[in-house]
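A short write-up of the structure that comes next.
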Amino acid sequence: MSDPLSDVLSLLRVESTRSTRLEARGPWALSFPAHHHIVFGAVLEGGMILTLSDGAEPVTLAAGDCYLLTRGRPYRMGNGARVRAESGRAVFEQRLGDDGVVRYGEGPLGLVWAGGSFRLEAESGDFLLNFLPPIIHLPSGTIDGSPLRAAYGLIRAETADRKPGASAIAGSIANIFMVQMLRAFLERSDRPSGWLGAMSDQRIGRALIAIHRDYARPWTVEQLAGLSGMSRTAFAVRFRTLVGVAPLEYLSGWRMAVAKAAILKGEHLSDVAEKIGYSSDAAFNAAFKRATGQSPGKFRPA
């Protein structure tokens, strides 16, 4: 049976992926500018401090810790030394060895890190990223015995030595790592806001599953409330509190996300309209333009 997270992930279109390994020695610090991709990382040995530019408290990471940076904000990584941060991009470009390892600094080895980034097509990624915090940090102890630990092992193994086919497998590993990070994040007690957190609510979760399973159906708030075992008013209030939008607004948003993905795949506009529950092309065109600011025809790539 499908679930909302799987549905959203199935629409994600990864445009590009890169991954590498960093070995840092002595006092060091690297800074990275604003970016348009998701950054993922895992500390394999040693430790580091990760700081976002938004004034949030620095995050200390130890061996076995994993993280995602989701909002594209500038950030700095280092060992806490009071040194001028060098450009991370320049260091990664200039010091990347033939074995796929970036070696930086002098002195005792203080960090072995593996990670990279992948860019999601904006149209497919926004539905997911808008509900995630700027940084997701999962300490080593929280992932022991979980599938994320296996994904961590994949990253460790694949970045240890650049074997034939490394570039081809990088995208698959990045996807596996992101999915397992999100699953582990959802299982924590401090649930995220929006539909991601609401999935684990026993009542509202039923409505979300119904919407994702049958988004073409002309759902009413009463029907969704009935599935959730709640009165219409109580359901509407709880849904908005947990998800952040009204039930039918969420339904419309999910339909548009499905429509965007279908259009980008080249599906005929009439088929897309029918697929997501619109009885006429005109009604679909109006709804799509209201949601995106442009018609489906203009949205379709040339």
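Here the sequence shown is numbered in our numbering, starting from 9 and rising by one per residue. Note that CB positions come from ideal geometry on N, CA and C, so glycine has one too.
Based on Cα-Cα distance, which residue from 121, 41 and 223 lies nearest to residue 49?
121
DSSP-derived helix/strand/coil call for residue 59
strand
Residue 219: first and last residue of the uninterrupted alpha helix (DSSP H) it sits in:
212–221
Could you tell me the distance, in whole angstroms, from the CA atom of residue 88 to the CA atom of residue 143?
19 Å
Could you confirm whether any beta carbon from chain B is found closer than 8 Å to the beta carbon of residue 221?
Annotation note: the requested chain B is absent from the structure, which comprises a single protein chain.
According to DSSP, is residue 258 helix, strand or coil?
helix
With a Cβ-Cβ cutoff of 8 Å, do residue 112 and residue 99 count as a contact?
yes
Which residue's Cα is closest to the Cα of residue 141: 161, 194, 119 and 172?
194
Classify residue 63 as buried or exposed, calling it buried when 16 or more other Cβ atoms lie within 10 Å of its own Cβ.
exposed
Inspect the beta-carbon positions of residue 108 and residue 182 and report whether they are closer than 8 Å.
no
Less than 8 Å between the C-beta atoms of residue 309 and residue 272, yes or no?
yes
Span of the alpha helix (DSSP H) around residue 300
289–300
Do residue 151 and residue 7 count as a contact pair if the criterion is CB distance below 8 Å?
Because the chain is modelled from 9 through 310, residue 7 falls outside the range shown and cannot be assessed.
Less than 8 Å separating the beta-carbons of residue 115 and residue 33?
yes
Coil, strand or helix - residue 124 by DSSP:
strand
Pair within 8 Å by beta-carbon distance, residue 188 and residue 147:
no
DSSP beta-bridge partners of residue 28
123
Which residues in the same chain as residue 17 place their Cβ atom closer than 7 Å to its Cβ, once the five residues preceding and following it in sequence are excluded?
187
Proximity to residue 70 [Cα-Cα], best of 222, 119 and 203
119
Residue 177 versus residue 59: straight-line alpha-carbon distance, rounded
29 Å
Any idea what DSSP makes of residue 305, helix, strand or coil?
helix
Please say whether residue 261 and residue 223 have beta carbons closer to each other than 8 Å?
no
I need the DSSP call for residue 238, collapsed to helix, strand or coil.
coil
Take residue 296 and list the residues in its own chain whose beta-carbon comes closer than 6 Å to its own, dropping the five residues that flank it on each side.
304
Quick check on residue 196: buried or exposed, where buried means 16 or more other Cβ atoms within 10 Å of its Cβ?
exposed
Three-way DSSP call (helix, strand, coil) for residue 95 in this model
strand
Between residue 9 and the rest of its own chain, which residues show a CB-CB distance below 6 Å, the 5 nearest in sequence each way excluded?
Residue placement at residue 9 cannot be trusted, given a pLDDT of 48 that sits under 50; what the coordinates show is reported in the next sentence. Counting only Cβ-Cβ distances below 6 Å, and skipping sequence neighbours, we find nothing.
Determine the contact status of residue 216 and residue 139, defining contact as a CB-CB distance below 8 Å.
no
For residue 39, the three-state DSSP class (helix, strand or coil):
strand
Same chain only: Cβ atoms within 8 Å of residue 299, ignoring 5 sequence neighbours per side:
260, 261 and 264
Hey, residue 240 and residue 229 are a contact pair by Cβ (cut 8 Å); roughly how many whole angstroms apart?
6 Å
Residue environment, residue 294, which counts as buried when at least 16 other CB atoms sit within 10 Å
exposed
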